[in-house]
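For the sequence shown, the numbering used here begins at 193 and goes up steadily by one. Cβ atoms here follow ideal geometry from the backbone N, Cα and C, with glycine treated the same way.
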Amino acid sequence: MPVLPSPPSLAAGASPDDVADWVATHLGDLAREGADGVRPGALRGGQSAADAALAGLDVTGYARSRSTVLPVHRQGATRLSPYVRHGLVTLPEAWDAVAAAPERDRRKYRDELLWQEYARHLYARVGPGSAHPLRREQARAGSRPGGWGRAEPWPREMACMDHVVGGLEEDGWLVNQTRMWLASQWGVRAGATWREGEDLMFAHLLDGSRAANRLGWQWTVGTGSGKAYGFSRWQVEKRAPELCASCPLASACPIQEWPDQSLGPDTDGPDLGRGPVPGGPTRVDGTGEGQVVWLTAESLGTGDPALAADPDRPGVFVFDEPLLRRLRLSGKRLVFLAETLGELAEVRGLEVRRGDVLTELTGLGGARLATTYAPVPGWARLRARLEVPEVHPWPWLVQPRPASVRSFSAWRPRAGRGG
């Protein structure tokens with residue numbers, strides 16, 4: 193496929209709607225909503241937006257307010273996650289940025305960063321195995337007294353579900369508390385298949401990653417942990433009381449009581465005990481002869497190690513058409529990526545393509561590739577089929593080593609990072 197024109201750059205004065213129009217024109221057939229439904233999400237892509245978010249990072253009060261849902265102005269969540277997910281801010285950068293924060297808040301925030309790192313270690317270890325129950329089968333709705341009895345796992349007549357699902361679909365970002373509400377409502381109360389709910393949430397989240405999203409769902413529904421998370425009216429009244437006050441079901445709340453939190457039977461999942469965690473090279477691997485930097489969705493910042501190693505060589509990013517056609521991501525996720533690429537093209541030579549990644553990268557006129565290691569199975573599969581004479585290390589917060597990834601609580605003390 194021909195090279196796509198560079199997306200409009202917000203840094204050069206374009207608007208988010210301009211970028212949405214670009215996505216609708218060039219990628220609209222791959223978007224979940226179709227070309228006519230492509231809209232920007234709540235957060236802007238691009239290195240400038242990421243730098244501003246990092247510079248303004250203030251976690252004072254985070255330990256107390258990180259789970260607040262409403263009112264919005266009292267939310268302690270940082271909204272840095274989409275930039276971390278796409279490598280515009282690294283976990284080590286976020287870690288260092290809160291060094292002077294109050295101790296309790298700093299420790300809590302850094303624990304959340306370590307959770308993200310643990311998710312990456314687990315995903316690097318099990319890869320596609322994360323799509324299957326890690327420790328237990330999912331307890332089905334039929335095994336719970338009374339069942340759910342409603343057609344939709346996320347019934348919009350409930351004010352809490354309407355608010356949270358609306359935020360997911362319109363904004364593409366949610367505080368972690370409401371992500372747990374959605375996963376528990378879907379998988380624990382309704383007993384719907386957790387993978388289907390995870391796929392739907394992943395499609396909308398601007399920070400959607402299989403590592404963090406799947407781990408969160410498995411922890412919540414009890415397939416990857418020793419206890420399912422029970423969602424009930426108590427959490428809503430504590431974190432967003434105005435939702436219950438305005439709900440048409442306030443006097444007949446279907447989540448008034450705690451749900452049955454029984455677990456499914458043990459499953460023969462992947463080995464999570466002590467073992468190697470693939471982490472890529474710890475120094476530049478290869479001859480250093482790369483002429484074009486292959487960029488991935490995991491590392492789109494101007495500080496990408498392969499980009500930063502040579503400010504003169506161009507980059508190439510491929511919108512993976514077969515993958516996107518299968519995933520059916522929301523247009524707002526594609527807009528966030530396009531905003532990021534548009535700004536990057538302002539400061540670096542950059543080709544943006546659409547098609548099969550392997551075909552596009554091998555069709556660069558014989559140009560040798562440089563790239564940054566990415567801890568995802570898709571990168572590993574492509575790397576095995578490409579000539580890549582220069583691979584740069586991934587900026588880990590905790591360098592992988594043989595370890596158990598059975599649980600965060602077991603992994604955390606051995607991570608080698610204090611608070």
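| DSSP-derived helix/strand/coil call for Ala242 | Here the question's residue 242 lines up with position 50 in the sequence shown. Helix.
| said: Assuming the contact rule is C-beta atoms closer than 8 Å, Ser596 and Gly418 should be a hit. Round their C-beta distance to whole Å, please. | reply: Numbered from 1 along the sequence shown, position 404 holds the residue referred to as residue 596. Numbered from 1 along the sequence shown, position 226 holds the residue referred to as residue 418. Between Gly418 and Ser596 the Cβ distance is about 15 Å, and since that is not below 8 Å, they are no contact.
| DSSP-derived helix/strand/coil call for Val186 | Here the chain comprises residues numbered 193 to 611, so residue 186 is not present and cannot be evaluated.
| message | Considering Cα atoms alone, identify which of Ala607, Gly233, Val357 is closest to Val469. | response | One-based indexing of the sequence shown puts residue 469 at position 277. Ranked by how close their Cα comes to the Cα of Val469, the residues Ala607, Gly233, Val357 have Ala607 in first place.
| request: Could you tell me which residues DSSP puts in a beta bridge with Val508? | output: For the purposes of this step, residue 508 is identified with residue 316 of the sequence shown, where counting begins at 1. Val508 is bridged by DSSP to Trp486, Glu543.
| request: Indicate the three-state DSSP secondary structure (helix, strand or coil) for Gly408 in the structure shown. | output: As a position in the sequence shown, residue 408 is number 216, starting the count at 1. Here Gly408 sits in helix by DSSP.
| Taking the C-alpha atoms as reference points, what is the distance between Trp450 and Arg406? | Residue numbering aside, residue 450 sits at position 258 when the sequence shown is read from its first letter. Residue numbering aside, residue 406 sits at position 214 when the sequence shown is read from its first letter. Cα to Cα, the separation comes out at about 24 Å.
| message | Could you check whether Ala269 and Lys300 sit closer than 8 Å to each other, using their CB atoms as the reference points? | response | What you label residue 300 is simply residue 108 of the sequence shown in a count that begins at 1. What you label residue 269 is simply residue 77 of the sequence shown in a count that begins at 1. Cβ distance not < 8 Å, so Lys300 and Ala269 don't count as in contact.
| field | Leu561, enclosing beta strand (DSSP E) - first and last residue | value | To locate residue 561, count along the sequence shown from 1; it is residue 369. Counting along the chain, the beta strand (DSSP E) containing Leu561 begins and ends at 561-564.
| task | Go ahead and pull the three-state DSSP assignment for Leu196. | result | Your numbering for residue 196 matches position 4 in the sequence shown. Of the three classes helix, strand and coil, the one that applies to Leu196 here is strand, per DSSP.
| query | What does DSSP give as the partner residues of Gly478 in its beta bridges? | reply | Counting from 1 along the sequence shown, the entry for residue 478 is found at position 286. Beta-bridge pairing links Gly478 to Glu582.
| message | Taking 6 Å as the limit between beta carbons, can you name the residues of its chain near Ala227, skipping five residues before and five after? | response | Translated into positions along the sequence shown, residue 227 becomes position 35. Excluding sequence neighbours, Ala227 sits near Ala216, Gly220.
| request: Check whether the Cβ atoms of Gln616 and Ser259 sit closer than 8 Å, and answer yes or no. | output: It is not possible to answer for residue 616, since the shown part of the chain is limited to 193 through 611.
| request: Taking the CB atoms as reference points, tell me whether Val230 and Ala241 lie closer together than 8 Å. | output: Counted from its first residue, the sequence shown places residue 230 at position 38. Counted from its first residue, the sequence shown places residue 241 at position 49. With respect to Ala241, Val230 sits apart: the two C-beta atoms are not nearer than 8 Å.
| task | Can you tell me the Cβ-Cβ gap for Gly364 and Leu397, rounded? I've got them flagged as a contact below 8 Å. | result | Stepping through the sequence shown from its first residue, residue 364 is reached at position 172. Stepping through the sequence shown from its first residue, residue 397 is reached at position 205. With a Cβ gap of about 6 Å, Gly364 and Leu397 count as contacting.
| field | Neighbour-count burial assignment, Arg302, 16 or more Cβ in a 10 Å radius | value | For the purposes of this step, residue 302 is taken as the residue at position 110 of the sequence shown. So Arg302 ends up on the buried side.
| message | Check this for me: beta carbons of Glu582 and Thr479, under 8 Å apart or not? | response | By one-based count along the sequence shown, residue 582 stands at place 390. By one-based count along the sequence shown, residue 479 stands at place 287. Yes. Within cutoff.
| field | N- and C-terminal bounds of the alpha helix (DSSP H) containing Arg277 | value | The residue labelled residue 277 in the question sits at position 85 within the sequence shown. Boundaries of the alpha helix (DSSP H) around Arg277: 273-277.
| CB contact flag (Arg546, Leu196, <8 Å) | Against the sequence shown, residue 546 aligns to sequence position 354. Against the sequence shown, residue 196 aligns to sequence position 4. The answer is yes: Cβ separation under 8 Å.
| field | Cβ neighbour criterion (16 or more within 10 Å) applied to His313 | value | On the sequence shown, residue 313 is found 121 positions in, with the first residue counted as 1. Per the 10 Å Cβ criterion, buried.
| Own chain partners of Gly569 with C-beta closer than 7 Å, once the 5 adjacent residues on each side are dropped | The residue labelled residue 569 in the question sits at position 377 within the sequence shown. For the record, residue 569 in the displayed sequence is Pro; it is not Gly. Non-local beta-carbon contacts of Pro569 in its own chain, meaning distances under 7 Å to residues more than five positions away in sequence, involve Gly319, Pro320 in chain order.
| message | Give me the residue from Gly456, Glu535, Lys430 with the minimum Cα distance to Ala331. | response | As a position in the sequence shown, residue 331 is number 139, starting the count at 1. Closest by alpha carbon: Gly456.
| Would you say Val583 faces chain D, with C-beta separation under 8 Å as the test? | Reference to chain D is not applicable here, since this structure consists of a single protein chain.
| said: Could you pull the DSSP bridge partners for Gly467 from this structure? | reply: By one-based count along the sequence shown, residue 467 stands at place 275. For Gly467, which the question treats as bridged, DSSP gives the partners Ala595.
| task | May I ask you to report which of helix, strand or coil DSSP gives Arg224? | result | Walking along the sequence shown from the start, residue 224 turns up at place 32. Coil, per DSSP.
| request: Could you say which of Ser322, Thr488, Ala442 lies nearest to Thr415 if we only look at CA atoms? | output: Residue mapping note: residue 415 aligns to position 223 of the sequence shown, counting from 1. Here the closest residue by C-alpha is Ser322.
| message | Less than 8 Å between the C-beta atoms of Ala293 and Val251, yes or no? | response | As a working mapping, residue 293 is identified with position 101 in the sequence shown. As a working mapping, residue 251 is identified with position 59 in the sequence shown. Result yes, Cβ atoms of Ala293 and Val251 sit closer than 8 Å.
| message | Suppose contacts are defined by Cβ-Cβ distances below 8 Å. Is Leu272 in contact with Leu306 by that definition? | response | For the purposes of this step, residue 272 is taken as the residue at position 80 of the sequence shown. For the purposes of this step, residue 306 is taken as the residue at position 114 of the sequence shown. Leu306 is positioned such that its CB atom lies no closer than 8 Å to that of Leu272.
| task | Measure the C-alpha to C-alpha separation of Asp452 and Gly422 and round it to an integer number of angstroms. | result | Residue numbering aside, residue 452 sits at position 260 when the sequence shown is read from its first letter. Residue numbering aside, residue 422 sits at position 230 when the sequence shown is read from its first letter. For Asp452 and Gly422, the distance between alpha carbons rounds to 8 Å.
| Alpha carbon to alpha carbon, how far is Leu553 from Arg431? | Along the sequence shown, read from residue 1 onward, the residue named residue 553 stands at position 361. Along the sequence shown, read from residue 1 onward, the residue named residue 431 stands at position 239. So the alpha carbons of these two residues sit roughly 48 Å apart.
| request: Take Tyr310 as the anchor and find which of Arg328, Arg402, Leu556 has the nearest alpha-carbon. | output: Residue numbering aside, residue 310 sits at position 118 when the sequence shown is read from its first letter. Of Arg328, Arg402, Leu556, the residue nearest in Cα terms is Arg402.
| task | Give the DSSP-derived three-state secondary structure of Asp496 in the structure shown. | result | If you number the sequence shown from 1, residue 496 lands on position 304. DSSP places Asp496 in coil when its eight states are reduced to three.
| said: What residue range does the alpha helix (DSSP H) around Glu309 cover? | reply: Position 117 of the sequence shown, counted from the first residue, corresponds to residue 309. Segment 295-318, the alpha helix (DSSP H) holding Glu309.
| query | In three-state terms, what does DSSP make of Arg609? | reply | For the purposes of this step, residue 609 is identified with residue 417 of the sequence shown, where counting begins at 1. The three-state secondary structure of Arg609, taken from DSSP, is coil.
| task | Please list, in chain order, all residues of the same chain as Arg277 whose beta carbon is under 6 Å from its beta carbon, the five residues on each side excluded. | result | Within the sequence shown, residue 277 is the residue found at index 85, counting from 1. Cβ within range, chain order: Asp399, Ser401.
| query | For the candidate residues Gln308, Ala291, Gln267, whose alpha-carbon lies nearest to that of Leu283? | reply | Along the sequence shown, read from residue 1 onward, the residue named residue 283 stands at position 91. The shortest CA-to-CA distance from Leu283 to any of Gln308, Ala291, Gln267 is the one to Gln308.
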